[in-house]
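Chemist: I have a structure I would like to understand better, so I am pasting it below and will then ask my questions one at a time.
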Amino acid sequence: MTESPLTAAPRRARPFALVVAAASLPMFMATLDNLVMTNALPVLHQEMGASVEELQWFVNAYTLAFAGAILIASALGDRYGRRTLFAIGIAVFGVGSVLAALSTDPAQLIAARAVQGLGAAGVMPLSLALLSGAVAPARRALAIGIWGGVSGLGVAVGPLVGGAIMEGWDWQAIFWINVPVAIVAIPLTLVVLNNDFGARARIDVPGALLAAAGVLALVHAIVRGNDDGWDSVGVIAEIVLGALLVGAFLWWQTRATAPLMPLRLFRDRSFSITNIVGFAFSFGTFGAVFILIQYLQVVQGSTPLEAAVQTTPWTLAPMIVAPIAGILAPRVGTRVLLVLGLALQGAALTWIAAIMSTDLDYPALIAPFIMAGVGMALVFAPSATALLATLGLIDHAKASGVNSTVRELGVALGTAVMTAIFVSAGGELLPDMYVDAARPAVFTGAAVLFAATIVALWLPSGKGTDAAAPAPSEAHAAEPELAAAP
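Take the sequence shown: its position 267, counted from the start at 1, is 259 in my numbering, and no numbers get skipped.
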């Protein structure tokens, strides 16, 4: 492998399988845990007495902390070493897991989930950047495909692990399982991965604060809109404040010497459209999952384990299809795969919403679940390929950070908006008051996915692209910046 200008330490050749494992295992842990939490929500409602609003904060505390910290974590990784921040993120996630397991009321669990989100901010984007920089260009498409498959594995086994644990033990165990994974992942990371650096510039603290405050204000306003009234002064003021803070963040990024979100990246059509698609995909898919996983337990009467088994036609597909999609992407093009995946996901949610009822037989859900799983898989790996297709290695960490932020904002806003639709339609966690309110929420998720399908048509074809090969202009532009770094 040729020496990269991104690294301050000698490159160390490591076996391909070990590199993929070291970069993917922590991401698997974070993905697994988030989906385990989703499956546990009805149990937490019963055992903790958590309200519908508190249930969504169990999800959103994680996603908002993640989204608020991910850009600054990527910048810290560029300056102090991506492997260093990656290992710190794993450790913080482990500590948050311990705090979550020890929680005795909703407020403590929400705070612990926020700690987990901070840890995940150092794991998710840097895993892809470290993997991309650690393997030879000829094997990057395969590595990214496997990386997507591992993420799909987290999707597949997360609900199953959660359901099995809650069936045999208690909900606290879903967090204790992260501790041994973190203990194994940290030394593996330090031994196997190179400590790559990006542009070691001054950290953009004002940008981080503006972005985090703006997003928190917007999501908090959506969450409390039904209780306080959408026309209340407090909700309107908070929405306006959030919009102003986000606008101030974008303005600041045009003036900061080392912006957290380099707006020049959005001149790249593939990067811009991939981020729009990523936001819409997360908004529509995971907002609907929040509603549907509770439908199986509240309305269908399934236990957490039964609900997990019932969703396997959906959740197993990414594990099987995502690696194949990652390998095919350079040959058939990322655009074809993304458009097909988004369309399948939207059609599946439309199908599910149309047939939902209080007496629906489970076999009727198998076909749309399979369709949703294939659609999800066709989006995972190709979107990672499209994101980095024409960017140089110097930008990979920040590009991944921006994309992860956008996707997590989609999760948070999707969950908040669909819960708001559910509550405003009179929905409650009772069998006879769930379906009529859940249906418009899931239809909303489908509509967002169909809109994303249309947007994805503007992607470059993506045929024959090397997801991680730096464009010559980018590589040369990076050299003076690196030479000037302290």
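Note that CB positions come from ideal geometry on N, CA and C, so glycine has one too.
Is it right to say Thr350 is buried, meaning 16 or more other beta carbons lie within 10 angstroms of its own, or is it exposed?
Modeler: Per the 10 Å Cβ criterion, exposed.
Chemist: Roughly how many whole angstroms lie between the Cα atoms of Ser124 and Arg132?
Modeler: Their backbone Cα atoms lie some 6 Å apart in a straight line.
Chemist: Give the secondary structure of Asp351 by DSSP, where H, G and I count as helix, E and B as strand, and everything else as coil.
Modeler: In the structure shown, Asp351 sits in coil (DSSP, three-state: anything other than H, G, I, E or B).
Chemist: Are there three or more Cβ pairs, one per stretch, closer than 8 Å when the stretch 324 to 333 is compared with the stretch 351 to 358?
Modeler: No contact exists between the stretch 324 to 333 and the stretch 351 to 358.
Chemist: Do Met21 and Phe50 have their C-beta atoms within less than 9 Å of each other?
Modeler: Contact flag unset, no.
Chemist: Alpha carbon to alpha carbon, how far is Gly86 from Leu122?
Modeler: Gly86 and Leu122: Cα-Cα distance of roughly 20 Å.
Chemist: Excluding five sequence neighbours on each side, which residues of the same chain lie with their C-beta closer than 6 Å to the C-beta of Gly276?
Modeler: Taken in chain order, the residues that qualify are Gly437, Val440 and Leu441.
Chemist: With DSSP as the reference, please indicate the residues paired to Asp70 in a beta bridge.
Modeler: Answer by DSSP bridge pairing: none, since Asp70 is not bridged.
Chemist: Please report how far the alpha carbon of Ile136 lies from the alpha carbon of Ile64, in whole angstroms.
Modeler: Cα to Cα, Ile136 sits roughly 24 Å from Ile64.
Chemist: Which residue wins for smallest C-alpha separation from Gly338, given the options Val171, Met368 and Met116?
Modeler: When each option's Cα is compared against that of Gly338, the closest is Met368.
Chemist: Label Leu255 either buried or exposed according to how many other C-beta atoms from any shown protein chain fall within 10 Å of its C-beta, with 16 as the threshold for buried.
Modeler: Exposed.
Chemist: Pull up the distance between the alpha-carbon of Ile319 and that of Leu134, whole angstroms please.
Modeler: When rounded, the distance between both Cα atoms is 6 Å.
Chemist: So, does the stretch 235 to 244 touch the stretch 268 to 282, judging by three or more C-beta pairs under 8 Å?
Modeler: No: the two stretches stay apart, fewer than three of their Cβ pairs being nearer than 8 Å.
Chemist: Ends of the alpha helix (DSSP H) at Gln164?
Modeler: Careful: Gln164 lies outside any alpha helix (DSSP H) and carries neither H nor E.
Chemist: Exposed or buried, what is Gly221 when buried is set at 16 or more other beta-carbons lying within 10 Å of its beta-carbon?
Modeler: Classification of Gly221: exposed, given that the 10 Å Cβ count is below 16.
Chemist: Which same chain residues, not among the five before or five after Gly402, have their C-beta less than 6 Å away from its C-beta?
Modeler: The residues are Phe271, Ser274 and Phe275.
Chemist: In angstroms with no decimal places, state the Cα-to-Cα distance between Thr457 and Val290.
Modeler: Since pLDDT at Thr457 reaches only 46, below the 50 mark, its modelled position is unreliable, and the value read off the structure follows with that caveat. Approximately 46 Å, taken between the alpha carbons.
Chemist: Roughly how many angstroms separate the alpha carbons of Val35 and Pro296, rounded to a whole number?
Modeler: Computed Cα separation, rounded: 8 Å.
Chemist: At which residues does the alpha helix (DSSP H) containing Gly279 begin and terminate?
Modeler: From DSSP, the alpha helix (DSSP H) with Gly279 extends over Arg261 to Gln286.
Chemist: For Ser43 and Leu421, I'd like the C-alpha separation in whole angstroms.
Modeler: Cα-Cα distance, rounded: 9 Å.
Chemist: Just to confirm, is the Cβ distance from Leu308 to Gly365 under 9 Å?
Modeler: Cβ atoms of Leu308 and Gly365: closer than 9 Å.
Chemist: In chain order, what residues of the same chain lie with their CB nearer than 6 Å to the CB of Leu68, ignoring the 5 residues before and after it?
Modeler: Counting only Cβ-Cβ distances below 6 Å, and skipping sequence neighbours, we find Leu77.
Chemist: DSSP three-state call for Ile195: helix, strand or coil?
Modeler: In this structure, Ile195 counts as coil in the three-state DSSP scheme.
Chemist: Given a cut-off of 9 Å, decide if Ala92 and Phe8 are closer than it, judged by their beta-carbon atoms.
Modeler: Contact flag unset, no.
Chemist: Between Leu233 and Ile169, what straight-line distance do the alpha-carbon atoms span, to the nearest angstrom?
Modeler: Spanning the two alpha carbons is a distance of roughly 40 Å.
Chemist: Taking 9 Å as the threshold (C-beta atoms), are Thr23 and Ala111 in contact?
Modeler: Per the sequence shown, the amino acid found at residue 111 is Gly instead of Ala. Cβ distance not < 9 Å, so Gly111 and Thr23 don't count as in contact.
Chemist: Looking only at C-alpha atoms, which of Leu202, Gly114, Gln164 and Ala314 sits nearest to Thr181?
Modeler: Minimum Cα distance to Thr181 is reached at Gly114.
Chemist: Mind listing, in chain order, the continuous beta strand (DSSP E) runs of no fewer than 3 residues lying wholly within the stretch 100 to 132?
Modeler: Whole beta strand (DSSP E) segments, 3+ residues: zero.
Chemist: How should Lys390 be labelled, buried or exposed, when 16 other C-beta atoms within 10 angstroms of its C-beta is the threshold for buried?
Modeler: The residue in question, Lys390, is buried, as its Cβ has 16 or more Cβ neighbours within 10 Å.
Chemist: Would you kindly work out how many angstroms separate the C-alpha atoms of Leu284 and Thr249, rounded to a whole number?
Modeler: Taking the straight line from one Cα to the other gives about 45 Å.
Chemist: For Ser16, which option in Ala126, Leu56 and Val225 has the closest C-alpha, if you only look at C-alpha atoms?
Modeler: Residue Ala126 is the option with its Cα nearest to Ser16.
Chemist: From this set, Ala128, Ala376, Pro117 and Val84, which residue's C-alpha is nearest Val107's C-alpha?
Modeler: Of the candidates Ala128, Ala376, Pro117 and Val84, the one whose C-alpha sits nearest the C-alpha of Val107 is Val84.
Chemist: In chain order, what residues of the same chain have a beta carbon less than 6 Å from the beta carbon of Val142, not counting five sequence neighbours either side?
Modeler: Cβ within range, chain order: Ser16 and Phe20.
Chemist: Measuring CA to CA, which of Ala240, Asp196 and Ala314 is closest to Pro251?
Modeler: That would be Asp196, whose Cα lies nearest to the Cα of Pro251.
Chemist: Please report how far the alpha carbon of Leu202 lies from the alpha carbon of Ser294, in whole angstroms.
Modeler: Whole-angstrom Cα-Cα distance: 43 Å.
Chemist: Beta carbon of Thr407, beta carbon of Thr96: below 9 Å?
Modeler: Not a contact, by the Cβ cut-off of 9 Å.
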